[in-house]
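2 protein chains.
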Amino acid sequence: MTGADPRAGREPDAATPQQRIGLRLAYDGTAYSGWQSQPHARTVQGMVAAAIATIDPAADALRGSSRTDAGVHALDQVAAFTSRRIMDPAVWQRAINANLPKDIVVLKAWEAAASFDPVEAAIRKRYRYRLYDNPVRPVFGRMQVWRQPSPLDVAAMRQAAGALVGEHDFTSFETASSQRRTKVRTIYDLTVERADATEHPGAEIHVEVEGNGFLYNMVRIIVGSLAMIGAGRRPVEWMTEALAARHRPAAGPTAPAHGLILLSIHLDDASVE
Amino acid sequence: MTGADPRAGREPDAATPQQRIGLRLAYDGTAYSGWQSQPHARTVQGMVAAAIATIDPAADALRGSSRTDAGVHALDQVAAFTSRRIMDPAVWQRAINANLPKDIVVLKAWEAAASFDPVEAAIRKRYRYRLYDNPVRPVFGRMQVWRQPSPLDVAAMRQAAGALVGEHDFTSFETASSQRRTKVRTIYDLTVERADATEHPGAEIHVEVEGNGFLYNMVRIIVGSLAMIGAGRRPVEWMTEALAARHRPAAGPTAPAHGLILLSIHLDDASVE
Chain E
72 MTGADPRAGR
82 EPDAATPQQR
92 IGLRLAYDGT
102 AYSGWQSQPH
112 ARTVQGMVAA
122 AIATIDPAAD
132 ALRGSSRTDA
142 GVHALDQVAA
152 FTSRRIMDPA
162 VWQRAINANL
172 PKDIVVLKAW
182 EAAASFDPVE
192 AAIRKRYRYR
202 LYDNPVRPVF
212 GRMQVWRQPS
222 PLDVAAMRQA
232 AGALVGEHDF
242 TSFETASSQR
252 RTKVRTIYDL
262 TVERADATEH
272 PGAEIHVEVE
282 GNGFLYNMVR
292 IIVGSLAMIG
302 AGRRPVEWMT
312 EALAARHRPA
322 AGPTAPAHGL
332 ILLSIHLDDA
342 SVE
Chain C
72 MTGADPRAGR
82 EPDAATPQQR
92 IGLRLAYDGT
102 AYSGWQSQPH
112 ARTVQGMVAA
122 AIATIDPAAD
132 ALRGSSRTDA
142 GVHALDQVAA
152 FTSRRIMDPA
162 VWQRAINANL
172 PKDIVVLKAW
182 EAAASFDPVE
192 AAIRKRYRYR
202 LYDNPVRPVF
212 GRMQVWRQPS
222 PLDVAAMRQA
232 AGALVGEHDF
242 TSFETASSQR
252 RTKVRTIYDL
262 TVERADATEH
272 PGAEIHVEVE
282 GNGFLYNMVR
292 IIVGSLAMIG
302 AGRRPVEWMT
312 EALAARHRPA
322 AGPTAPAHGL
332 ILLSIHLDDA
342 SVE
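Dropping the structure here:
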């Protein structure tokens, strides 16, 4: 019984024990320049890393599954870090939360495999986009909805959305400057529903999209295109043409960041907490 | 056919035409010292009256159906004023909205009878109170929910709520200093439901109460009492005893204002817009 110790790769040196901690986080993105740390900017990653550093200054860099843009919210971002300080995950959760501002919270912490990479492990992501189309402006949650100048045709939007489901080259739905090699992604689900949002009953339309990954600004360009169809400015068939064109100008505008929320991240079986 | 002109009371003098305008309003009460105008305080009534005065400096005092407290919100407050300036109600709505801050909005304006009194005409009011009982703190809508230290027993709260439905003397559920003559009110409906709130799925409990009128702080004391039962600090039967006691200390604490929202006001047939 001299087989390899399954923890061998995890603790290269008995003198320096390490613990890999996975986190699920929620945040209101209004006050932040996005997830990704940047010099001279207030970012979500920066705030969470600073909270961790208060507890363990030797912890390695925090990594997140999704680089949400400035103003984008999350109900379920996944992140991970490696610590030199060994603590129960529930203690980590409380300790980090005690050092975070009110608009960021750790929903859950768990002990992950040493190899856990939040980017690689995220095999499916789901986003929600909130559109508000009542003629009277909203007074609640103004920084969570994109207000429309006139009511949208939900049935037309839903019909157009069907063209995007499946595996496609989404070049038309990516900010043009991107250098990513493959533009092929799979959308598993794309729903458009009139929603009974708590404070705006019937006044919101929620677009939810789930896929194996998204190009830069892809969800926001999909929503910007759907809004043009909902407003009657483009026919339903235009979405099929926009997709086939593989050319950014063929699609609609990029919807504003503040209507977008990262809803859930599905991890691969090896990484499930 | 020299009978009384039904408009006679409305226009006492042909040289000074008047128009009575009814308003339905929504507001986020977070930044206000309540509805009622007060010297040296920022109030919702004060803001709306100032917006009207910009358009017609001779308009009479604005009157509202409900004196919501500091921090209380409204999805549907009713108010009315009499103007010397005759305009289409839709024009009034747009003009007032153009002069209001982002957290107050006129949902609707209509031409009301000269005798329309928003207090007298309000024959039924409905409120919602939002409780949040997830162990992890909320990051969205923090100023619209009352956070609980532990999960609440909704079934027990619902059972206890049943004791309050109907016509009762609600002395136990009124702030003690009140001088109102009769303490008898009728609750038509009182529901307690685990809610799928947009950003806190399953983490909120909504208490909704509809009645012909409410004593001072009555909804908040009902909610404070229900929360004690939900937390297991009092048995279900305690609510019946608290009601029967007709004595403020027999009931629970007053729930904080910010979880409360005025949901709708039902006007009598003569006043319906």
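So the sequences go chain by chain: E and C. Numbering follows the working numbering, with no gaps: position 139 of the first sequence is 210. Numbering follows the working numbering, with no gaps: position 120 of the second sequence is 191. A virtual CB, placed ideally from N, CA and C, is assigned to each residue, including glycine. Note that the structure is predicted; figures quoted are calculated from it, not measured.
Along chain E, which residues have their Cβ under 9 Å away from the Cβ of residue i?
| i | result |
| --- | --- |
| C:R218 | Those do not exist, as C:R218 stays about 11 Å from chain E at its closest Cβ, beyond 9 Å. |
| C:F187 | Simply none; closest approach about 22 Å. |
Starting from the Cα of residue i, find the closest Cα among the options and give me that residue.
| i | options | result |
| --- | --- | --- |
| E:L297 | E:W309, E:N288 and E:Y287 | E:W309 |
| E:I300 | E:V115, E:G282, E:A322 and E:Y287 | E:A322 |
| C:N283 | C:G93, C:E238 and C:H271 | C:E238 |
| E:R291 | E:M118, E:A326 and E:R197 | E:A326 |
| C:R165 | C:R134, C:E270, C:Q116 and C:L94 | C:L94 |
| E:Y259 | E:H271, E:A234, E:G295 and E:Q250 | E:A234 |
| E:V278 | E:E264, E:P272 and E:H271 | E:E264 |
| C:I175 | C:G105, C:A274 and C:V294 | C:G105 |
| E:M118 | E:S335, E:F211, E:E270 and E:N168 | E:N168 |
| E:S137 | E:F285, E:T257 and E:R252 | E:F285 |
| E:S108 | E:R304, E:L133 and E:E312 | E:L133 |
| E:P206 | E:A247, E:A302 and E:A274 | E:A274 |
| E:A180 | E:P172, E:F152, E:P88 and E:I194 | E:F152 |
| C:A145 | C:R229, C:S335 and C:A121 | C:S335 |
| E:A227 | E:A120, E:R305, E:L178 and E:A266 | E:R305 |
| E:A141 | E:M214, E:K196, E:T87 and E:V307 | E:M214 |
Please compile the residues from chain E whose C-beta is within a distance smaller than 8 Å of the C-beta of residue i.
| i | result |
| --- | --- |
| C:A268 | T269 |
| C:L146 | E270 |
Can you tell me whether residue i is helix, strand or coil according to DSSP?
| i | result |
| --- | --- |
| E:G135 | strand |
| E:R317 | coil |
| E:A97 | strand |
| E:F244 | helix |
| C:A232 | helix |
| E:E238 | strand |
| E:R213 | helix |
| C:A341 | helix |
| C:H347 | What the structure shows of chain C is the stretch from 72 to 344, and residue 347 of chain C is not part of that stretch, so it cannot be assessed. |
| E:L334 | strand |
| E:Q89 | coil |
| E:A129 | coil |
| C:A226 | helix |
| C:D76 | Per-residue confidence for C:D76 stands at a pLDDT of 45, beneath the threshold of 50, marking its modelled position as unreliable; the derived number appears in the next sentence. Of the three classes helix, strand and coil, the one that applies to C:D76 here is coil, per DSSP. |
| C:A180 | strand |
| C:V255 | strand |
| E:A122 | helix |
| E:E193 | Per the sequence shown, the amino acid found at residue 193 of chain E is Ala instead of Glu. E:A193 falls in the strand class under three-state DSSP. |
| E:A328 | helix |
| E:A145 | strand |
| E:P83 | Confidence at E:P83 is low in this model, with a pLDDT of 47, below 50, so the placement of that residue is unreliable and no value is reported for it. |
Residues of chain C with CB under 8 Å from residue i, in chain order?
| i | result |
| --- | --- |
| E:A178 | According to the sequence provided, residue 178 of chain E is Leu. The question's Ala does not apply to it. Neighbours of E:L178 on chain C, chain order: V207. |
Using a C-beta to C-beta distance shorter than 7 Å, which residues of chain C count as neighbours of residue i?
| i | result |
| --- | --- |
| E:I70 | Residue 70 of chain E is absent from the model: chain E starts at 72 and stops at 344. |
Note down, in chain order, every chain E residue with its Cβ under 7 Å from the Cβ of residue i.
| i | result |
| --- | --- |
| C:A97 | V210 |
| C:R213 | K173 |
Using a C-beta cutoff of 8 Å, does residue i count as contacting chain A?
| i | result |
| --- | --- |
| C:A161 | Among the protein chains of the structure shown, namely E and C, there is no chain A. |
Below 8 Å, can you find three or more Cβ-Cβ pairs linking the stretch 188-204 of chain C to the stretch 330-338 of chain C?
yes
Worksheet entry | Cβ contact (3+ pairs, closer than 8 Å) linking the stretch 308-328 of chain E and the stretch 233-246 of chain E | yes
Would the stretch 112-132 of chain E and the stretch 155-171 of chain E be scored as touching if the rule is three or more Cβ pairs under 8 Å? yes
- Task: Take every Cβ of the stretch 89-103 of chain C, pair it with every Cβ of the stretch 181-189 of chain E, and state whether three or more of those distances are shorter than 8 Å.
- Result: no
So within the stretch 258-318 of chain E, which uninterrupted beta strand (DSSP E) runs reach at least 3 residues, ignoring any that extend past its ends? 271-282
Return the chain-ordered ranges of every alpha helix (DSSP H) run that is complete within the stretch 147-176 of chain E and spans a minimum of 4 residues. 160-169
Next on the checklist: Would you call the stretch 188-199 of chain E in contact with the stretch 214-222 of chain C, where contact means no fewer than 3 C-beta pairs closer than 8 Å?
Outcome noted: no
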